[in-house]
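Taking it in order: structure first as structure tokens, then the write-up.
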Amino acid sequence: MTEAATNAADRTYDVIVIGAGPVGENVADRTSAAGLSTVIIERELLGGECSFWACEPSKALLRPVIARAEARRVPGLRQAVAGPLDVAAVLAHRDEISNHWRDEDQVDWLNSVSVDLIRGHGRLDGPRRVTVRTPDGGTVRLTARHAVAVCTGTTTALPDTPGLDSVRPWTNREATTADHAPGRLVIVGGGVVAVEMAAAWQALGSQVTMLVRGDAGLLSKMEPFAGELVADGLREAGVDIRYGASVASVFREGREVRLTLSDGTKLVADEILYATGRAPSTRDVGLDTVGLTPGDWLTVDDTGVVTAVAEGWLYAAGDVNHRALLTHQGKYQARMIGAAIGARANGEPVDETRWGAHVSTADHTAVPQVVFTDPEVASVGLTTREAERTGRRVEVVDYDIARVAGAHQYAEGYRGLARLLVDVDRGTVAGATFVGPGVGELLYSATVAVAGEVPLERLWHAVPAFPTISEAWLRLLETYRDRHQPRRTPPAHS
Ligand SMILES: Cc1cc2nc3c(=O)[nH]c(=O)nc-3n(C[C@H](O)[C@H](O)[C@H](O)COP(=O)(O)OP(=O)(O)OC[C@H]3O[C@@H](n4cnc5c(N)ncnc54)[C@H](O)[C@@H]3O)c2cc1C
Numbered sequence: 004m005t006e007a008a009t010n011a012a013d014r015t016y017d018v019i020v021i022g023a024g025p026v027g028e029n030v031a032d033r034t035s036a037a038g039l040s041t042v043i044i045e046r047e048l049l050g051g052e053c054s055f056w057a058c059e060p061s062k063a064l065l066r067p068v069i070a071r072a073e074a075r076r077v078p079g080l081r082q083a084v085a086g087p088l089d090v091a092a093v094l095a096h097r098d099e100i101s102n103h104w105r106d107e108d109q110v111d112w113l114n115s116v117s118v119d120l121i122r123g124h125g126r127l128d129g130p131r132r133v134t135v136r137t138p139d140g141g142t143v144r145l146t147a148r149h150a151v152a153v154c155t156g157t158t159t160a161l162p163d164t165p166g167l168d169s170v171r172p173w174t175n176r177e178a179t180t181a182d183h184a185p186g187r188l189v190i191v192g193g194g195v196v197a198v199e200m201a202a203a204w205q206a207l208g209s210q211v212t213m214l215v216r217g218d219a220g221l222l223s224k225m226e227p228f229a230g231e232l233v234a235d236g237l238r239e240a241g242v243d244i245r246y247g248a249s250v251a252s253v254f255r256e257g258r259e260v261r262l263t264l265s266d267g268t269k270l271v272a273d274e275i276l277y278a279t280g281r282a283p284s285t286r287d288v289g290l291d292t293v294g295l296t297p298g299d300w301l302t303v304d305d306t307g308v309v310t311a312v313a314e315g316w317l318y319a320a321g322d323v324n325h326r327a328l329l330t331h332q333g334k335y336q337a338r339m340i341g342a343a344i345g346a347r348a349n350g351e352p353v354d355e356t357r358w359g360a361h362v363s364t365a366d367h368t369a370v371p372q373v374v375f376t377d378p379e380v381a382s383v384g385l386t387t388r389e390a391e392r393t394g395r396r397v398e399v400v401d402y403d404i405a406r407v408a409g410a411h412q413y414a415e416g417y418r419g420l421a422r423l424l425v426d427v428d429r430g431t432v433a434g435a436t437f438v439g440p441g442v443g444e445l446l447y448s449a450t451v452a453v454a455g456e457v458p459l460e461r462l463w464h465a466v467p468a469f470p471t472i473s474e475a476w477l478r479l480l481e482t483y484r485d486r487h488q489p490r491r492t493p494p495a496h497s
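Residue numbers (this note's numbering): 4 to 497.
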């Protein structure tokens, strides 16, 4: 199919998808694969925030930073990477990865999966109806026979700090597209975006100062040791981290940003990045026309149906439903939701059992996430704090990753920590967190263990190759075993 002519008469499709980020694209792909006529509406670029202003460009900035840090720990290689990064080459690579902010490849892909595209701003206009305002000022009215899926994602949630409007602060968009490193960069926030961008821009030449509210440390949703080890890494790289610091007021004077913190401290910077969380892109999608409140997150059931709207025709997938603000998890939801829409439309049974073919069960128990800093953080499932909050009975098993031969081979002076949360009632892994260089690639094994609810007894048969960092798995099992089955003392020879 081709890009749909924008001023054609009103049209009817089986499925209408609003928002062609990674998640909307995948919903559309799956409904089309189920034999349903599908149209997708996009107001900016196909591929959404992830392809152009988030995951892809940020990881392109971080890859050389992490690779250099790791290479500097390898004897014989250290000297070869002693110099600074080639910033121009890094930024050029970032531009390449972001496809120079053009989306024709994704348009070709949409065509190949027989999904129609309408460029413009989509809004709900009552049950099963969507109106699209096109860039040429036209209007297209659409009706869905079966489903409308809202996949409009999120934007940066900015606080109402006095003066902020006049400062033109960086959000994730400027932080991932900037064409030079600002001399002094203040980052407000201590979550994943904040630590990743601090690592990137400090290595690319900025003097970064992080302002972290409260005293919960960095990455406060993860195990505390993750934030502590990442903070150590950032400080060693030269980042100035200030806890308990919040911005009381801010203004721009000439090229400089001038801040006053709530304790009266004054700071001057060239740019200020707000990495202060995400807000749903639902202010202007016509939620009021179906009885919902504009600006709210869209709460869904496990098949993606918006629970507050009758008759089950409205779905929401990805960031906008607030279940797990990650591309891979949103795409997982998209696969399940697309299959559920297809099954319902085709009169087939919908499998809503736990881990069934049409439900996003993993959102509740097995969400994997990697933080791409030096050291990396990789986590899946429960944290100790969540286990306490939800009353899950878990036993915590920690192991110093530096002690495995694979880590010693990987880097001289390796620093890292692994934690398993064992569900004591089921004898399975309820959560895992690894911190250290190279641990991102351990995460899939942990995700299989958590989502598969693999009994610990069986994990003894999943043997990690020698010498890899995955040997930490074996050491964790041994630590758990030795705690419960202390070694017996052999009888002395008589
Ligand atoms: C700096 C940063 C780094 C990140 N890194 C990672 C990472 O490494 N790994 C990871 O898994 N996640 C990462 N994330 C999170 C990831 O970007 C999001 O989870 C993901 O983009 C969500 O996809 P989505 O399709 O739900 O929304 P989006 O990607 O936001 O896409 C929504 C789309 O809808 C369109 N749209 C919105 N409203 C309308 C409308 N009314 N009409 C038409 N179109 C509309 C938008 O233009 C957009 O294209 C990162 C986020 C940030 C901010």
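All residues carry an ideal CB built from backbone N, CA and C; glycine is no exception.
*Give me the Cβ distance between A327 and V370, rounded to the nearest whole Å; I'm assuming they're in contact under 8 Å.*
Residue numbering aside, residue 327 sits at position 324 when the sequence shown is read from its first letter. Residue numbering aside, residue 370 sits at position 367 when the sequence shown is read from its first letter. Contact holds; Cβ gap of about 5 Å.
*Answer yes or no: do G307 and I340 have a C-beta to C-beta separation smaller than 9 Å?*
Numbered from 1 along the sequence shown, position 304 holds the residue referred to as residue 307. Numbered from 1 along the sequence shown, position 337 holds the residue referred to as residue 340. Yes, they are a contact pair.
*As assigned by DSSP and simplified to three states, the class of Y318*: Residue numbering aside, residue 318 sits at position 315 when the sequence shown is read from its first letter. Strand.
*Check whether the region 457-464 touches the region 433-442, taking contact to mean three or more Cβ pairs, one atom from each stretch, closer than 8 Å.*
They do not touch, by the three-pair rule.
_Pick from G441, M200, A449 that is closest to A70, judged by C-alpha positions_ = On the sequence shown, position 67 is the one that residue 70 refers to. The shortest C-alpha separation from A70 is found at G441.
*Would you check if there are 3 or more beta carbon pairs closer than 8 Å linking the region 20-31 to the region 329-344?*
Taking 8 Å as the limit for Cβ pairs, the verdict is that the region 329-344 does touch the region 20-31.
_For R33 and A160, the rounded distance between their alpha carbons_ = By 1-based counting over the sequence shown, the position of residue 160 is 157. By 1-based counting over the sequence shown, the position of residue 33 is 30. A160 and R33 have their C-alpha atoms some 31 Å from each other.
*Between the C-alpha atoms of S35 and T137, what's the straight-line distance to the nearest angstrom?*
For the purposes of this step, residue 35 is taken as residue 32 along the sequence shown, with counting starting at 1. For the purposes of this step, residue 137 is taken as residue 134 along the sequence shown, with counting starting at 1. In a straight line, the C-alpha of S35 is about 23 Å away from that of T137.
_For P489, count the other beta carbons within 10 Å of its own beta carbon; 16 or more makes it buried, fewer makes it exposed. Which is it?_
In the sequence shown, counting from the first residue as 1, residue 489 sits at position 486. So P489 ends up on the exposed side.
_In DSSP terms, what V397 is bridged to_ = Sequence index remark: in the sequence shown, residue 397 carries index 394 (1-based). Residue pairing by DSSP places V397 opposite D426 in a beta bridge.
*Do you know whose CA, among V20, E256, D17, lies nearest L167's CA?*
Taking the sequence shown and counting its residues from 1, the one referred to as residue 167 is at position 164. It is E256.
_For H487, count the other beta carbons within 10 Å of its own beta carbon; 16 or more makes it buried, fewer makes it exposed. Which is it?_
The residue you call residue 487 lines up with position 484 of the sequence shown. Taking all protein chains shown into account, H487 has fewer than 16 neighbouring C-beta atoms within 10 Å of its C-beta and is therefore exposed.
*asked:* I believe T450 touches V383 by the beta-carbon criterion, under 8 Å. Please report the beta-carbon distance rounded to the nearest angstrom.
replied: Within the sequence shown, the letter at position 447 stands for residue 450. Within the sequence shown, the letter at position 380 stands for residue 383. Right, the Cβ-Cβ distance comes to about 5 Å (below 8 Å), so this counts as a contact.
*asked:* Following a CB-centred definition, is M339 positioned closer than 8 Å to any heavy atom of ligand 1?
replied: For the purposes of this step, residue 339 is identified with residue 336 of the sequence shown, where counting begins at 1. The answer is no for M339.
*Mind checking which residues open and close the alpha helix (DSSP H) that includes Q332?*
In the sequence shown, residue 332 corresponds to position 329, counting from 1. Its alpha helix (DSSP H) spans residues 330-348.
*Decide if E45 is buried, meaning its Cβ has at least 16 other Cβ atoms within 10 Å, or exposed.*
The residue labelled residue 45 in the question sits at position 42 within the sequence shown. With 16 or more Cβ atoms within 10 Å of its Cβ, E45 is classed as buried.
*Neighbourhood of L113 by C-beta, 6 Å cutoff - its chain only, sequence neighbours within 5 removed*: The sequence position of residue 113 within the sequence shown is 110, counting from 1. Residues L120 of the same chain have their beta carbon placed closer than 6 Å to that of L113, with the five preceding and five following residues left out of the count.
_Judging by CA-CA distance, which residue of H464, G333, T492 is the nearest neighbour of E52?_
By 1-based counting over the sequence shown, the position of residue 52 is 49. Ranking the options by Cα distance to E52, first place goes to G333.
*What separation, rounded to the nearest whole angstrom, lies between the Cα atoms of D366 and Y417?*
Here residue 366 corresponds to residue number 363 of the sequence shown, with the count starting at 1. Here residue 417 corresponds to residue number 414 of the sequence shown, with the count starting at 1. Rounded to the nearest angstrom, the two C-alpha atoms are 32 Å apart.
_Quick check: the Cα distance between A152 and S61, rounded to an integer number of angstroms?_
Here residue 152 is taken as the residue at index 149 of the sequence shown, counted from 1. Here residue 61 is taken as the residue at index 58 of the sequence shown, counted from 1. Going by the C-alpha atoms only, they are around 28 Å apart.
_Extent of the continuous alpha helix (DSSP H) run through E99_ = Here residue 99 is taken as the residue at index 96 of the sequence shown, counted from 1. Note, E99: alpha helix (DSSP H), 90-100.
*Does the region 179-197 come within contact of the region 276-294, defined as at least 3 CB pairs closer than 8 Å?*
Contact check between the region 179-197 and the region 276-294: three or more CB pairs, one atom from each, fall below 8 Å, which counts as touching.
_M4 to E107 span [Cα, whole Å]_ = Working through the sequence shown from its first residue, we reach residue 4 at position 1. Working through the sequence shown from its first residue, we reach residue 107 at position 104. A caution first: M4 carries a pLDDT of 44, below 50, which makes its placement in the model too unreliable to give a value.
*Are the CB atoms of R97 and A85 nearer to each other than 9 Å?*
Numbered from 1 along the sequence shown, position 94 holds the residue referred to as residue 97. Numbered from 1 along the sequence shown, position 82 holds the residue referred to as residue 85. No, these two residues do not count as a Cβ contact at 9 Å.
_Only counting the same chain, and skipping five residues up and downstream in sequence, which positions put a Cβ closer than 8 Å to that of A8?_
Numbered from its first residue, the sequence shown carries residue 8 at position 5. Below a pLDDT of 50, predicted positions are generally treated as unreliable, and A8, at 49, falls in that range; the measurement from the model is reported next regardless. The answer is none, since no qualifying residue turns up.
*Taking only runs of the beta strand (DSSP E) that begin and end inside the region 101-189, which ones reach a length of at least 3 residues, in chain order?*
Within the region 101-189, the complete beta strand (DSSP E) runs of at least 3 residues are 119-122, 124-127, 132-136, 142-153, 157-159.
_Judging by CA-CA distance, which residue of F375, I344, R357 is the nearest neighbour of L237?_
The residue given as residue 237 occupies position 234 in the sequence shown. When only C-alpha atoms are compared, the closest one is F375.
*Within the present structure, is the beta-carbon of N102 separated from the nearest heavy atom of ligand 1 by less than 8 Å?*
Taking the sequence shown and counting its residues from 1, one reaches residue 102 at position 99. Placement of the Cβ of N102 at a distance of 8 Å or more from every heavy atom of ligand 1 is found.
_Taking 9 Å as the threshold (C-beta atoms), are T471 and G409 in contact?_
Position 406 of the sequence shown, counting from 1, holds the residue named residue 409. Position 468 of the sequence shown, counting from 1, holds the residue named residue 471. Judged by their CB atoms, G409 and T471 are nearer to each other than the 9 Å cut-off.
_First through last residue of the alpha helix (DSSP H) which encompasses A85_ = Position 82 of the sequence shown, counted from the first residue, corresponds to residue 85. Annotation for A85: no alpha helix (DSSP H) segment contains it, and DSSP assigns it neither H nor E.
*Compute the minimum distance between the beta carbon of L48 and the heavy atoms of ligand 1, and state whether it is under 8 Å.*
Taking the first residue of the sequence shown as 1, we reach residue 48 at position 45. L48 Cβ: within cutoff of ligand 1.
*Determine the DSSP secondary structure at E481, reduced to helix, strand or coil.*
Start at 1 with the first residue of the sequence shown, and residue 481 comes out as number 478. Here E481 carries a helix assignment [DSSP, helix/strand/coil].
*Return the chain-ordered list of same chain residues with a C-beta closer than 6 Å to the C-beta of G230, the five sequence neighbours on each side being excluded.*
For the purposes of this step, residue 230 is taken as residue 227 along the sequence shown, with counting starting at 1. Cβ within range, chain order: G220, L221, L222.
*What is the DSSP secondary structure of T5, reduced to helix, strand or coil?*
Along the sequence shown, read from residue 1 onward, the residue named residue 5 stands at position 2. Residue confidence is low: T5 scores 45 on pLDDT, short of 50, so the model does not pin down where it sits. Its coordinate-derived value is still stated next. T5: coil per DSSP, three-state reduction.
*Return helix, strand or coil for T387, following the three-state DSSP convention.*
Taking the sequence shown and counting its residues from 1, one reaches residue 387 at position 384. Under the three-state reduction of DSSP output, T387 falls in the helix class.
*Quick one, are the C-beta atoms of G289 and V143 less than 9 Å apart?*
Here the question's residue 289 lines up with position 286 in the sequence shown. Here the question's residue 143 lines up with position 140 in the sequence shown. Annotated as distal: G289 and V143, with beta-carbon spacing of 9 Å or more.
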